[in-house]
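Numbering (my numbering), first residue to last: 8 to 370.
Below you'll find the structure, written out as C-alpha cells, and then a few comments.
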Amino acid sequence: MCVDPAFNVAPPPTHVVLLCDENIEQGLFATINSIVANCATPNDLHLHVGLESSRIEACAEELEALFGDKVRALEVVDVHSVPTIVPWYRRVSAMLGVKRTSNLMNYARFFVADMFPSLASDPRNTYVFMDVDKIVYGDVHAHDLELRARFREANVDGQFLVVGLDASRTVFRSLGLTSWRDRVRFLIFCKRHGLDHRRMYPFNAGYYVATIGLFRGIPQRCESLIRRGLLNICTFNTQPLMMCTLWDRTHALAWNWNVVNYGWKPNLSIDRVNMGSIHWNGPSKGWDPDNEYHAAFAEYAVCDRARAAAVAAAKKRRDERDAAVAAARELVQGVAASETHVGGTAVAVEHVPADAAVKVAAY
Numbered sequence: 008m009c010v011d012p013a014f015n016v017a018p019p020p021t022h023v024v025l026l027c028d029e030n031i032e033q034g035l036f037a038t039i040n041s042i043v044a045n046c047a048t049p050n051d052l053h054l055h056v057g058l059e060s061s062r063i064e065a066c067a068e069e070l071e072a073l074f075g076d077k078v079r080a081l082e083v084v085d086v087h088s089v090p091t092i093v094p095w096y097r098r099v100s101a102m103l104g105v106k107r108t109s110n111l112m113n114y115a116r117f118f119v120a121d122m123f124p125s126l127a128s129d130p131r132n133t134y135v136f137m138d139v140d141k142i143v144y145g146d147v148h149a150h151d152l153e154l155r156a157r158f159r160e161a162n163v164d165g166q167f168l169v170v171g172l173d174a175s176r177t178v179f180r181s182l183g184l185t186s187w188r189d190r191v192r193f194l195i196f197c198k199r200h201g202l203d204h205r206r207m208y209p210f211n212a213g214y215y216v217a218t219i220g221l222f223r224g225i226p227q228r229c230e231s232l233i234r235r236g237l238l239n240i241c242t243f244n245t246q247p248l249m250m251c252t253l254w255d256r257t258h259a260l261a262w263n264w265n266v267v268n269y270g271w272k273p274n275l276s277i278d279r280v281n282m283g284s285i286h287w288n289g290p291s292k293g294w295d296p297d298n299e300y301h302a303a304f305a306e307y308a309v310c311d312r313a314r315a316a317a318v319a320a321a322k323k324r325r326d327e328r329d330a331a332v333a334a335a336r337e338l339v340q341g342v343a344a345s346e347t348h349v350g351g352t353a354v355a356v357e358h359v360p361a362d363a364a365v366k367v368a369a370y
C-alpha cells in the first residue's frame with residue numbers, strides 16, 4: 008500500500024514568544040503553565056523564551072524539566088547574546104535620556120527575528136507574543152490557526168499583525184497623549200511623516216499575533232521615529248513605536264483574548280470559558296499577595312520548590328536512562344566479544360553504537 012508522505016508530516020507548530028527579566032520569572036512560569044494546561048494539543052507548541060537574568064542556565068533547566076516533555080520544542084535565549092539588541096538599546100537610551108528610557112526587555116520585542124532564527128527561517132511564520140503577567144485560559148494553538156486562516160491573505164505579501172483592542176482607551180490614550188497640545192503635535196507629526204492616525208487601533212501590546220517577516224527592519228524604523236521626535240510627544244515607549252510603524256498592517260484582535268486592567272481596576276470578573284487570557288497590566292501583578300485577583304494567578308503558579316523538584320526528577324530519569332544504556336552496552340559488547348570469531352580467534356568488539364544500546368535497554 009502506498010502512503011502519501013504528506014500524511015506523515017507534522018503540522019506547523021504554533022510559535023509562542025515570551026520575554027522576561029529576572030524580577031518577574033514567577034510570572035513566566037505561571038504564564039507558560041497556563042498556556043500548556045489549556046491547550047488541547049500542547050505538542051503543537053514551540054516555546055521561545057528570551058531572558059535577561061543571572062539565572063539563564065538554571066531557568067532553562069527548570070523550564071525544560073517542567074514543560075520539555077509536553078511541548079514540541081522549547082528554546083531559551085539570553086538576550087545579551089544577541090549582538091544587535093544592546094547597541095541599539097544604548098543608542099535609543101542616549102537619544103531619550105535616562106528619565107524616558109524603558110527597560111531593555113520592552114524593546115527586545117523588536118528583535119524576535121534575531122533572537123530566534125528558527126522562527127525567522129520563513130517570513131510567513133506566525134508567532135504569538137505575550138507578556139508574562141498573564142494567565143491564558145484559551146487554546147493558543149487553535150487561536151493561532153484561526154488567525155492564520157483569517158488574515159493570511161489580508162495583505163498582498165501575507166504579512167499581518169493582530170493586536171488586542173483596549174476598550175478603556177482611545178488611540179490618543181494608547182499613545183500616552185494626555186493633553187490637547189500633545190494630541191495636536193502628534194497629528195502634525197503624522198501628516199509630516201505619512202502616518203494615518205485614523206487607521207490606528209487603541210491596543211494593549213500584551214498579546215498579539217504576527218508574521219515574523221513583518222518585524223524585519225522594524226528596529227531601524229523605530230530608531231528613525233525616535234530620532235524624529237515621536238517619543239518626545241508620546242509619553243509611552245514601545246507601544247507608540249508599534250502603532251506608528253505597523254499601523255497599515257494592523258487588525259483588531261477579539262477583546263476576550265487580552266482582557267486587561269487586572270493590575271489596577273477593582274471588581275472585575277473572570278470568565279474562564281469566554282476569556283482567552285487576562286492581563287495584569289498596571290502597578291499590581293498577579294503574584295502580589297495583595298492583588299485582588301491573586302487567586303487566578305496562584306492556580307497556575309510554580310513555586311521554587313516545585314521547580315527544584317522537577318529538575319531533580321528530570322535528573323533522576325536521565326541518570327536511570329544513562330545507567331540502563333551503559334548496562335545494555337556492556338551486555339551487547341560481552342555478547343559480541345564472545346560470539347565474534349575470525350579464523351577461530353575471538354575478536355573483541357571495541358565500539359557499540361549508543362542507539363543500539365538504547366534499543367537493547369528499552370527492550
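Every residue, glycine too, gets a C-beta built ideally from N, C-alpha and C.
Subject >> Buried versus exposed, by CB contacts within 10 Å (16 or more), THR21 >> reply: buried
Original post:
Would DSSP call THR245 helix, strand or coil?
Top reply: It is helical.
Original post:
Can you find at least 3 beta carbon pairs, one from the region 50 to 69 and one from the region 302 to 319, that sit closer than 8 Å?
Top reply: yes
**OP:** Give the straight-line distance between the Cα atoms of ALA217 and HIS200, rounded to the nearest whole angstrom.
**Re:** So the alpha carbons of these two residues sit roughly 24 Å apart.
**OP:** Go through its chain and collect everything with a Cβ distance to ASN244's Cβ below 7 Å, but skip five positions before and after it.
**Re:** SER109, ASN113, LEU238
Original post:
Of the residues CYS229, SER284, ASN298, which one's Cα is nearest the Cα of ASN274?
Top reply: ASN298
**OP:** Please work out which residues of its chain come closer than 6 Å, Cβ to Cβ, to PHE136, disregarding the five sequence neighbours upstream and downstream, and give them in chain order.
**Re:** VAL24, TYR215
**OP:** Out of VAL78, THR177, ASN30, point me to the one whose CA is closest to SER60's CA.
**Re:** It is ASN30.
Original post:
Straight-line CA distance for ASN40 to LYS141?
Top reply: 11 Å
Original post:
Considering TYR214, what are the terminal residues of the alpha helix (DSSP H) in which it resides?
Top reply: Taken as a continuous stretch (DSSP letters only), TYR214 belongs to no alpha helix (DSSP H), being part of the beta strand (DSSP E) at 210 to 218.
**OP:** For the beta strand (DSSP E) containing ASP76, list its first residue and its last residue.
**Re:** For ASP76, no beta strand (DSSP E) run applies, since DSSP gives it neither H nor E.
Subject >> Three-way DSSP call (helix, strand, coil) for THR257 in this model >> reply: strand
**OP:** May I ask you to list the residues that DSSP assigns as paired with TYR96?
**Re:** In DSSP, TYR96 forms no bridge with anything.
Original post:
So, do the region 170 to 189 and the region 262 to 282 have three or more beta carbon pairs nearer to each other than 8 Å?
Top reply: Yes: the two stretches touch, three or more of their Cβ pairs being nearer than 8 Å.
Original post:
Fully enclosed by the region 135 to 192, which beta strand (DSSP E) runs are 3 residues long or longer?
Top reply: Correct list: 141 to 143, 168 to 172.
Subject >> Among ARG205, ARG328, CYS27, nearest to ASP255 - alpha-carbon criterion >> reply: ARG205
**OP:** Give every residue of the same chain whose Cβ lies closer than 8 Å to the Cβ of THR177, excluding the five residues on either side of it in the sequence, and list them in chain order.
**Re:** PRO209
**OP:** Give me the Cα-Cα distance between MET282 and GLY145, rounded to the nearest whole angstrom.
**Re:** Distance between the alpha carbons of MET282 and GLY145 is about 7 Å.
Subject >> Cβ neighbour criterion (16 or more within 10 Å) applied to ASP231 >> reply: The sequence as given places Ser at residue 231; Asp does not occur at that position. Its Cβ having fewer than 16 others within 10 Å, SER231 is exposed.
Original post:
Among ILE277, CYS27, ALA315, which residue has its Cα nearest to the Cα of ALA302?
Top reply: Answer by Cα proximity: ILE277.
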